[in-house]
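Enquirer:
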Amino acid sequence: MHTGPAAKEGAAGPVAVQADRGEGDTLSILLAGLRAVNPALVLLFAADGAELGALHGGLRAGLPAGCVLAGCSSAGEIGPCGYATDSVVAIGFPAGHFRARTLVLPNLSALPVSEWMAALRRLHLDFAADPHCALFGLLLVDGLAGQEDALVATIDAALPSVPTLGGSAGDGLDFDRTSLLVDGEVVSNAAVFTLVETDLAVSEVTFAHFSPTETRAVVTAAIPEKRRILELNAEPAAEEYARIIGIPPERLTPTEFARHPLLLRMGRRHHVRAISALTEDGGLSLMSAIDTGTVLTLGRAEDLTEGFAEALAALPRPPLMVLGFDCILRRLALEREGLTQTMSELFRRYRVAGFNTYGEQHSGMHVNQTFVGLAFMAQAGAGGTGRTDAA
Numbered sequence: 001m002h003t004g005p006a007a008k009e010g011a012a013g014p015v016a017v018q019a020d021r022g023e024g025d026t027l028s029i030l031l032a033g034l035r036a037v038n039p040a041l042v043l044l045f046a047a048d049g050a051e052l053g054a055l056h057g058g059l060r061a062g063l064p065a066g067c068v069l070a071g072c073s074s075a076g077e078i079g080p081c082g083y084a085t086d087s088v089v090a091i092g093f094p095a096g097h098f099r100a101r102t103l104v105l106p107n108l109s110a111l112p113v114s115e116w117m118a119a120l121r122r123l124h125l126d127f128a129a130d131p132h133c134a135l136f137g138l139l140l141v142d143g144l145a146g147q148e149d150a151l152v153a154t155i156d157a158a159l160p161s162v163p164t165l166g167g168s169a170g171d172g173l174d175f176d177r178t179s180l181l182v183d184g185e186v187v188s189n190a191a192v193f194t195l196v197e198t199d200l201a202v203s204e205v206t207f208a209h210f211s212p213t214e215t216r217a218v219v220t221a222a223i224p225e226k227r228r229i230l231e232l233n234a235e236p237a238a239e240e241y242a243r244i245i246g247i248p249p250e251r252l253t254p255t256e257f258a259r260h261p262l263l264l265r266m267g268r269r270h271h272v273r274a275i276s277a278l279t280e281d282g283g284l285s286l287m288s289a290i291d292t293g294t295v296l297t298l299g300r301a302e303d304l305t306e307g308f309a310e311a312l313a314a315l316p317r318p319p320l321m322v323l324g325f326d327c328i329l330r331r332l333a334l335e336r337e338g339l340t341q342t343m344s345e346l347f348r349r350y351r352v353a354g355f356n357t358y359g360e361q362h363s364g365m366h367v368n369q370t371f372v373g374l375a376f377m378a379q380a381g382a383g384g385t386g387r388t389d390a391a
């Protein structure tokens, strides 16, 4: 069992527990670490989505009544020791400082936006948030449904005062099937939205290791509903992409996609529109929305770790934990550069726990190749006041 430092030191923040496959009784390992914080909310991230359902019953029986359980399959895990694979990571949020409720947003393929908005507003109203506490939303979404952009925009429109961040469920590097856990069921083609309140201080942490180059390309043909580019600059998309990054088309791999992302400028910021695969017809499948006429900029990779360390060091106080959603393509880039251990050491130092995603959500946007996190810290001058309602 690997357990985060917060539990060992008796701190007020969340605790992360990791059980590696083959290590022993996964359920017993997770319960042993989670019970120490009397959680109001537990998030589960598992390499194998089938494990989510298998663990739910035992966790429900072994944890306090009213504890909210939610989770998803991953493309890799972030546990107390940093990057992990073939494991289950559980994060427990102590009832003394957190309150949470979940909502399933079903039928992603049909985009029932009006129904989602009504349900989100009811949840917010019924939650009756304490104005003296921080309120935020956590989103876990099917990473293969291809509807994150519309979903995040819907949540932002329904709850404009609630900052929401999260990640798209993964399936290793198979891109075959992703799973989400909520209310004891394992589902796909859906999202799980969790409304969370805490009396701890919170601060968002985001980091993307790219800057724009002078190279641009216009999407001259696309299939938006499939997130597929057919042509760039009126040429077959894969061939033109290979040309502008300077390699033969036969050398295009997920690692090259991770090194040379396409960026979309919105306002003053560039957001990654990551490539997930080549298509049989010579096109490019993306992990975010795309449309004909879009102007994209080729990205240049910068230091993968230094800027991230600076972002964490800039937090107002050392975090009790950072809940992290980290794109699998960032992890692939780190592996290529031999920096996996360096990043894992940063994760350990700043108590980062979470999972590798097929995409990230924050500030009303769906993005790729980005780390998105939420740091939980003691209030200034205090160790946390403690909640009186553990519901």
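Residue numbering for the sequence shown follows the UniProt record's numbering, starting at 1 and increasing by one per position.
C-beta: ideal position from N, C-alpha, C; glycine also.
State the beta-bridge partners of residue 188 as determined by DSSP.
Expert: Beta-bridge pairing links residue 188 to no other residue.
Enquirer: Quick check: what's the CA-CA separation for residue 141 versus residue 18?
Expert: Going by the C-alpha atoms only, they are around 22 Å apart.
Enquirer: Suppose you measure from the CA of residue 114 to the CA of residue 32; what does that come to, to the nearest Å?
Expert: Straight-line Cα distance between these residues: approximately 42 Å.
Enquirer: When burial is assigned at 16 or more other CB atoms within 10 Å of the CB, is residue 246 buried or exposed?
Expert: By the 10 Å Cβ count, residue 246 comes out exposed.
Enquirer: Going residue by residue through the region 319 to 362, where are the continuous beta strand (DSSP E) segments of at least 3 residues, counting only ones entirely within it?
Expert: Taking only runs of at least 3 residues, the beta strand (DSSP E) segments lying wholly in the region 319 to 362 are 321 to 327, 352 to 357, 360 to 362.
Enquirer: So, helix, strand or coil for residue 266, using DSSP?
Expert: In the structure shown, residue 266 sits in a strand (DSSP, three-state: E or B).
Enquirer: When you compare each of 70, 344, 293 to residue 404 by their alpha carbons, which one comes out closest?
Expert: With the chain represented from 1 up to 391, any question about residue 404 goes unanswered, as that position is not in the structure.
Enquirer: Residue 364 and residue 176: beta carbons closer than 9 Å?
Expert: No, these two residues do not count as a Cβ contact at 9 Å.
Enquirer: Is it true that the CB of residue 145 sits closer than 9 Å to the CB of residue 109?
Expert: Their beta carbons are under 9 Å apart, which means residue 109 touches residue 145 by this criterion.
Enquirer: Along the chain, which unbroken stretches of the beta strand (DSSP E) at least 3 residues long are found entirely within the region 113 to 152?
Expert: The region 113 to 152 contains these whole beta strand (DSSP E) runs: 134 to 141.
Enquirer: CA-CA distance, residue 7 and residue 42?
Expert: In this prediction, residue 7 has a pLDDT of 40, which is less than 50 and means its spatial position is unreliable; what the coordinates show is noted afterwards. Their backbone Cα atoms lie some 14 Å apart in a straight line.
Enquirer: Which word fits residue 160, buried or exposed, when buried means at least 16 other C-beta atoms lie within 10 angstroms of its C-beta?
Expert: It counts as exposed.
Enquirer: Taking residue 248 as the reference, which of 238, 334, 77 has the closest Cα?
Expert: For the residues 238, 334, 77, the minimum Cα distance to residue 248 belongs to 238.
Enquirer: Locate the alpha helix (DSSP H) running through residue 239, then write down its first and last residues.
Expert: Residue 239 -> alpha helix (DSSP H) spans 237 to 245.
Enquirer: Have a look at residue 83 and residue 232 and give me their C-alpha separation to the nearest angstrom.
Expert: Their backbone Cα atoms lie some 35 Å apart in a straight line.
Enquirer: Is residue 386 helix, strand or coil by DSSP?
Expert: Reliability fails at residue 386, whose pLDDT of 46 lies under 50, so the model's placement of it is uncertain and the value that follows must be treated cautiously. Of the three classes helix, strand and coil, the one that applies to residue 386 here is coil, per DSSP.
Enquirer: From this set, 132, 130, 131, 102, which residue's C-alpha is nearest residue 120's C-alpha?
Expert: With distances taken between Cα atoms, residue 120 lies closest to 102.
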